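**Q** 320 is the number of the first residue of the sequence shown in my numbering; add one for each residue after it.
Glycine residues also receive a C-beta, built at the ideal position from the N, C-alpha and C atoms.
Treat the numbers as computed from the prediction; the structure is a model and nothing was measured.
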Amino acid sequence: GTVSRVPLERKRSGATANRSLAALSSVCTYGIKELGWLEINPVERITKPKESKGRVRFLDDNELPRFLAACRKQKDLYLAVLLSLTTGGRQSEIMSLRWEQIDLITGRAMLHAGTTKNNDARVLPLVGEAFTLLQERATVRNLTDDRIFPATSRARKSIFVDLRSPFLDALKEAEITNFHWHDLRHTCASYLMMNGVSPLEISKVLGHRTMAMVSRYAHLAPARVSDIGNALAQKMGVA
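#1: Excluding the five sequence neighbours on either side, which residues of its own chain have a C-beta within less than 8 Å of the C-beta of ASN461, listed in chain order?
#2: From which residue to which residue does the alpha helix (DSSP H) around VAL375 run?
#3: Suppose contacts are defined by Cβ-Cβ distances below 9 Å. Is TYR510 in contact with LEU452 by that definition?
#4: With DSSP run on the structure shown, which of helix, strand or coil describes LEU430?
#5: Quick check on LEU445: buried or exposed, where buried means 16 or more other Cβ atoms within 10 Å of its Cβ?
#6: In the DSSP output, what is ARG409 paired with across the bridge?
#7: Can we say the segment 376-390 touches the segment 488-497, given the rule of at least three CB pairs closer than 8 Å?
#8: Across the segment 414-432 and the segment 344-360, are there enough close Cβ pairs to call them in contact, namely three or more that are closer than 8 Å?
#9: If you compare alpha carbons, which of GLN410, HIS501, ALA440 and ILE365 is closest to SER339?
#10: According to DSSP, is PHE479 helix, strand or coil?
#11: Measuring straight from C-alpha to C-alpha, what distance separates GLY355 and ALA341?
#12: Excluding sequence positions up to five away, which residues of its chain have a Cβ less than 6 Å from the Cβ of LYS367?
#13: Check whether the Cβ atoms of LEU423 and ALA457 sit closer than 9 Å, and answer yes or no.
#14: Alpha carbon to alpha carbon, how far is VAL346 from GLY320? Give it in angstroms, no decimals.
#15: Please say whether GLY407 and ILE495 have beta carbons closer to each other than 9 Å?
In structure tokens:
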């Protein structure tokens, strides 16, 4: 592996700090067991910082139509936003999609192992208008270019189109504040939860390895919790 310097003046989250401590602890353990350089693991004496549950910002029923209407003015932005909302895919996963990953018959996009954040393969469902727009784009695509969102010939920093400015413009036009691209993923998860999809199913859609990341949306489904409680009471004969 490689060792990189981390500027001490930069603030880090509790989760990032704990991952760094875990990595350092592994190194110390190796030094104890394999090399005999240490007698104790000093990292074990460090109190781990608490990890934040993270912000959950999603577009509500009033914001969503305004935002989509603003996004329609830029075709790449509109398609990318629709894909993010309907698949829960991360921005990097959506923007780096290539045609070889797309099955236009079954309506699926395959994220290959090693290309996702946790390196696991995952299938994204292609549905509704997002799927229709992909099918239309496929009929006029450049057959020598496998990118779905290719950058212009003038772009230098990325081989995929840069949607930062159009995204910010759409937010401004729709009068939406405190919203980032990653919040489209939160919006997908939130709407799934509010429509009765189980946390386990949501974790599979989003590609989370643990349920901890999905638990942040649990408060959005109080009716679902009540239904489960009522079903349990009926099963026990104490309803």
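**A** On the basis of the data shown:
#1: PRO469, listed in sequence order.
#2: Careful: VAL375 lies outside any alpha helix (DSSP H) and carries neither H nor E.
#3: no
#4: strand
#5: buried
#6: According to DSSP, which records beta bridges pairwise, ARG409 is partnered with nothing at all.
#7: yes
#8: no
#9: ILE365
#10: strand
#11: 20 Å
#12: ASN337
#13: yes
#14: In this predicted model, GLY320 has a pLDDT of only 48, less than 50, meaning its place in the structure is not dependable; the value taken from the coordinates is given anyway. Just so you know, the alpha carbons of GLY320 and VAL346 end up roughly 11 Å apart.
#15: no
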